Structure formats: structure tokens, C-alpha cells
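In UniProt numbering, the protein residues as written are 2 to 313. Scroll down for the structure; my scribbles are underneath it.
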Ligand code: BDR
Ligand code: CA
């Protein structure tokens, strides 16, 4: 099975992804490292503990990490997408279990050194913890198996500003650090995740398959669907974060391109992931640095069948 660390800011689609990882026999979840993003980091940590309790997986360590981007002003959070509680205003649940005392970047460094070559990092929030872990111990770059990020937008518009996707926008400085390291990075961004829509019928099937976990995802997604459906004729939502995990299991379901990715940290274009496809580099910085695997398309039917199977 795949050893993974999920770096997360739960968050509705984060919850859907974490339950998916817990339910799938091929994942060995070594920890949930939390970060600010959709909600403040204290709430993010609390919610991750609560998800472990619900799934009866309190054996999985949960850590609290960075509370704001490396540079610049503190975040404004996405309560209008995920609710005041991060769980679609279904009500804040205080965790009964305790955090691992380590800070998220330290936990990542410890685990990668414990299992060199074996761990896939799965960041589904802002990349601050990952960048801090690299700064804390640069040797982890060659010891991580790969990094599969939910974030960015190659050829489609952003969701915070016309070019910036939320996870990258929240801390573009950290994202730039992560993209310029010489490790195996895949970016699963809005090019893929905005195309895959999930409606009430799908959520009812998840609940039918797993009344506890699917039922919770169904309840918290109501507010989320209202947000995503504004100005649409259909009512549905997007489970961005879980696509990283599907990619690890089934890369053959995804169309990707090799590109060098640079991140804009300028106010007006903040968070823009500018992709220079292989062979098209003309000058610095496009001729140096590692290639990133950038996701462009995915097999919608196979993915939704897999979700139903795993939540059954
Ligand atoms: C990303 O931003 C957050 O709101 C979601 O949890 C996801 O990680 C989508 O842009
Ligand atoms: Ca997230």
C-alpha cells in the first residue's frame, strides 16, 4: 500500500478526500498535517481530528501547522465556500482527541526521514507547510517519493481572481518553492477539478453506500452546492481535493503534460501558475528547473464509479 501524508485545511472537499483515503485499502495514511486555508489553522486541526474520530481512525496522527503565508498579509479564509465551521454550517464539533504535539513541517520532516523513498506527500491546501519542511530539512526533497498537489490552473481561469486558484493564491511564495525543487511533482488543478461535477443524486448514493461517512459528506455538501450553483442552472459541486488521491491510484485515467511552472506573487495576478510546456522554453527561467506533471483531463465516469465503490 501507498504511504501518504495528507496536508489539509478541512474544508468540505478535504473531508471527502480524507474519508476516501481512509476507506481505500491501498492507502496507508501516516498523518494529517493541517494548515490555514479554507479556515484558520486551529479550526483546520480540530476538524481533521473530528474526521479521524468519525472514521474511527484516531490512530492517525494529526498535527497543526502554519497559520499564515510565508510572506504578506494573513489569509481571509473561505467561510463563504465552506461555512463558518468548515463543514457547511452543520455546526462546529469540538474534537475529543488530542493533536500530535509537533508542528506540521516538523512532522513531515520526521516521517520522510523515517521512510526515505516511500512517502507521497498530498497537499490539498496552501503549500506553506511543505515549503517550510523543505527549508527545515532540504534533504527531504530527494527522499520524498512524489508530491501530488491539488492546486493551480494551467489553461482555465482561477477561482479567487481571474488567474489564481485558492490553494496557490493563499501562499504563492510557498508554491514557487515547491515547484522549483527537484522532486517528482504532479499538479492537479482546476483544469481537471472544475470539469468533474457532483450532484445530489451522487451524494445520495455515497450516503446509501456508507450512511455514516457518506451521510456526513452529503450533509456538509449542501451549503457547498449552494455556493457552486450560484448563477448555474444545475445544482452540483466540485470535489477538487480527492482527485490527487485518484491520480496516485490510477494515473492512466489522467491526461497530463510536462511543463515548467512559475507562480506569480504580484498582487494583480497573484497565484497564477504559468506553465511552460516541454520543448517550448525559450529563455530563463523556462530553460532551467525541473518539469512538473500538469493535469489537463481525467476520466469522469471511471472516477465517479470509484468513489461509489470506495464509499460502499
Ligand atoms: C481548493 O481550495 C479549497 O477551497 C478547496 O478545499 C480546494 O483545496 C480548490 O481551489
Ligand atoms: Ca483543501
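Beta carbons are placed, not taken as given, at the ideal position from N, Cα and C, and that holds for glycine. Nothing here was measured: the structure is a model prediction, and the numbers come from that model.
One or two residues paired with residue i in a DSSP bridge
| i | result |
| --- | --- |
| residue 238 | 199 |
| residue 60 | According to DSSP, which records beta bridges pairwise, residue 60 is partnered with nothing at all. |
| residue 76 | Bridge partners of residue 76: none, in fact. |
| residue 35 | 9 and 65 |
| residue 83 | Note: residue 83 sits in no beta bridge, so no partner. |
| residue 260 | 278 and 293 |
| residue 255 | 299 |
| residue 250 | Beta-bridge pairing links residue 250 to no other residue. |
| residue 120 | 4 |
| residue 151 | 189 |
| residue 25 | Beta-bridge pairing links residue 25 to no other residue. |
| residue 104 | 65 |
| residue 135 | DSSP lists no partner for residue 135. |
| residue 142 | Answer by DSSP bridge pairing: none, since residue 142 is not bridged. |
| residue 30 | 5 |
Span separating the alpha-carbon of residue i from that of residue j
| i | j | result |
| --- | --- | --- |
| residue 54 | residue 235 | 34 Å |
| residue 194 | residue 241 | 5 Å |
| residue 162 | residue 76 | 15 Å |
| residue 29 | residue 4 | 5 Å |
| residue 224 | residue 280 | 44 Å |
| residue 247 | residue 18 | 9 Å |
| residue 222 | residue 100 | 26 Å |
| residue 27 | residue 92 | 32 Å |
| residue 98 | residue 65 | 13 Å |
| residue 265 | residue 273 | 5 Å |
| residue 20 | residue 49 | 11 Å |
| residue 202 | residue 117 | 42 Å |
| residue 44 | residue 292 | 35 Å |
| residue 302 | residue 244 | 13 Å |
| residue 216 | residue 228 | 19 Å |
| residue 10 | residue 114 | 24 Å |
| residue 1 | residue 123 | Any question about residue 1 goes unanswered here, given that the chain covers just 2 to 313. |
| residue 270 | residue 164 | 6 Å |
| residue 94 | residue 213 | 15 Å |
| residue 209 | residue 23 | 18 Å |
| residue 275 | residue 262 | 6 Å |
| residue 73 | residue 177 | 15 Å |
| residue 138 | residue 259 | 27 Å |
| residue 230 | residue 67 | 31 Å |
| residue 239 | residue 33 | 22 Å |
| residue 103 | residue 251 | 32 Å |
| residue 200 | residue 14 | 14 Å |
| residue 237 | residue 309 | 16 Å |
| residue 57 | residue 51 | 10 Å |
| residue 314 | residue 148 | In the structure as shown, the chain begins at 2 and stops at 313. Residue 314 is therefore absent and cannot be evaluated. |
| residue 226 | residue 2 | 33 Å |
| residue 136 | residue 289 | 21 Å |
| residue 298 | residue 306 | 17 Å |
Contact test: residue i Cβ vs ligand 4 heavy atom, cutoff 7 Å
| i | result |
| --- | --- |
| residue 227 | With respect to ligand 4, the structure shown offers nothing to examine, as its ligands consist of ligand 1 and ligand 2. |
Cβ-Cβ separation, residue j to residue i (assumed contact under 8 Å), whole Å
| i | j | result |
| --- | --- | --- |
| residue 166 | residue 191 | 5 Å |
| residue 130 | residue 8 | 5 Å |
| residue 197 | residue 304 | 6 Å |
| residue 277 | residue 287 | 4 Å |
| residue 71 | residue 174 | 5 Å |
| residue 219 | residue 312 | Incorrect: roughly 10 Å between the Cβ atoms, too far for contact. |
| residue 294 | residue 188 | 7 Å |
| residue 369 | residue 121 | Since the displayed the chain opens at 2 and closes at 313, residue 369 lies outside it and no answer follows. |
| residue 126 | residue 168 | 6 Å |
| residue 346 | residue 106 | Residue 346 lies beyond the residue range present for the chain, which begins at 2 and ends at 313; the question has no answer from this structure. |
| residue 141 | residue 110 | 6 Å |
| residue 63 | residue 46 | 6 Å |
| residue 80 | residue 12 | About 11 Å separates the two Cβ atoms, so there is no contact after all. |
Can you check the stretch 164-192 for any alpha helix (DSSP H) of at least 4 residues that lies completely inside it and give the ranges in chain order? Runs of alpha helix (DSSP H) with 4 or more residues, each lying fully within the stretch 164-192, are found at 167-171 and 173-181, listed in chain order.
*Do the stretch 148-159 and the stretch 36-43 touch if we need at least three Cβ pairs shorter than 8 Å?*
Using a Cβ-Cβ distance cut-off of 8 Å, the stretch 148-159 and the stretch 36-43 are not in contact, since fewer than three pairs of beta carbons, one from each stretch, lie closer than that value.
| query | Quick one: any contact between the stretch 171-183 and the stretch 246-257, if contact means 3 or more CB pairs under 8 Å? | reply | Judged by Cβ distances under 8 Å, the stretch 171-183 makes no contact with the stretch 246-257, as fewer than three pairs qualify.
Fill in: Three or more C-beta pairs below 8 Å linking the stretch 119-136 and the stretch 81-89
Contact between the stretch 119-136 and the stretch 81-89 is absent, because fewer than three Cβ pairs lie under 8 Å.
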